[in-house]
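J.: Below: one structure in structure tokens.
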């Protein structure tokens with residue numbers, strides 16, 4: 101097995117890519133359902149705080165009810181849920197009512213598969229690759245949830261911080277002390293920026309989820325990567341934000357989620373961070 105899945109072995113890369121496609125299909129479910137689950141929980145908590153009966157709700161989780169077409173309620177059968185292939189076979193439409201199925205579903209699956217396969221190639225058949233898969237899947241889910249809802253759920257960001265520290269107990273990506281400092285500094289840097297911006301402008305410039313996401317990236321990659329992540333995410337965010345305003349007529353008053361830029365910068369740091377820092381330092 102080790103010889104078959106040796107470093108950069110094609111079977112290992114292909115297997116990882118297929119696994120990524122399957123997880124991409126599940127991440128589509130997480131992106132859609134987790135915010136709904138959060139909203140239901142908030143409604144229940146608000147009712148309890150007001151001494152009212154929680155609203156009657158049908159069971160809803162990542163596992164139930166089964167996936168169905170939002171237009172006609174047609175239950176999705178297994179052969180209609182094969183990553184990418186089912187969308188192509190169905191020509192992007194529901195088999196029952198013909199309603200369009202968003203292109204984003206196969207795109208997210210493809211993105212997750214490509215990133216997972218690349219991590220398998222980059223890190224080889226190793227514990228680093230397995231840990232990188234988890235980080236990639238979490239970042240993909242957080243990116244699309246933030247794009248849709250402006251939320252970065254604690255149920256993903258907080259475990260991601262602890263998993264980062266756990267993965268570095270033996271220095272998988274960075275020494276443990278660097279990971280601990282990275283988690284603390286990642287949170288405090290954006291916390292300070294948030295309060296400074298609010299003090300100067302009277303407005304909130306970002307959400308607390310961004311603090312936790314940068315803390316998670318610090319826990320995974322160490323404090324030495326934080327400056328690179330902040331620089332890249334700010335640069336990417338500025339370029340995309342200006343582009344949206346100039347070319348797409350984006351309303352300046354409408355917020356733009358920062359989480360996707362942090363996630364993208366975190367992926368760059370995961371794969372090429374040490375190389376970029378060495379180039380900057382002229383080493």
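In our numbering, the protein residues as written are 101 to 383.
C-beta atoms are modelled at their ideal positions from N, C-alpha and C, and glycine is treated no differently.
Here the structure is a predicted model, which means the values were calculated and not measured.
1. Taking 8 angstroms as the limit between beta carbons, can you name the residues of its chain near residue 326, skipping five residues before and five after?
2. So, with DSSP's three-state summary, where would you put residue 175?
3. For the alpha helix (DSSP H) containing residue 329, list its first residue and its last residue.
4. Closest to residue 88 by C-alpha separation, out of 352, 223 and 193, would be which residue?
5. Relative to the C-alpha of residue 184, which residue among 258, 198, 230 and 120 is closest?
6. Along the chain, which unbroken stretches of the alpha helix (DSSP H) at least 4 residues long are found entirely within the stretch 250-320?
7. Spatial neighbours of residue 243 within its chain, please: C-beta separation below 8 angstroms, excluding the five flanking residues on both sides.
8. Give me whichever residues DSSP pairs with residue 193 in a beta bridge.
9. Going straight from the alpha carbon of residue 116 to that of residue 204, what length do you get?
10. Assuming the contact rule is C-beta atoms closer than 8 angstroms, residue 171 and residue 199 should be a hit. Round their C-beta distance to whole Å, please.
11. Give the straight-line distance between the Cα atoms of residue 275 and residue 189, rounded to the nearest whole angstrom.
12. Given a threshold of 16 other Cβ atoms within 10 Å of its Cβ, counted over all protein chains shown, does residue 229 qualify as buried or as exposed?
13. Examine the Cβ distances between the stretch 118-135 and the stretch 240-257 and report whether three or more of them are shorter than 8 angstroms.
14. What number of angstroms, rounded off, separates the C-alpha of residue 268 from the C-alpha of residue 226?
15. Determine the DSSP secondary structure at residue 156, reduced to helix, strand or coil.
T.: Result, derived from the coordinates:
1. 282, 285, 286, 289, 314, 317 and 318
2. strand
3. 326-347
4. With the chain represented from 101 up to 383, any question about residue 88 goes unanswered, as that position is not in the structure.
5. 120
6. 254-267 and 276-301
7. 359, 360, 363 and 364
8. 200
9. 21 angstroms
10. 4 angstroms
11. 47 angstroms
12. buried
13. yes
14. 14 angstroms
15. coil
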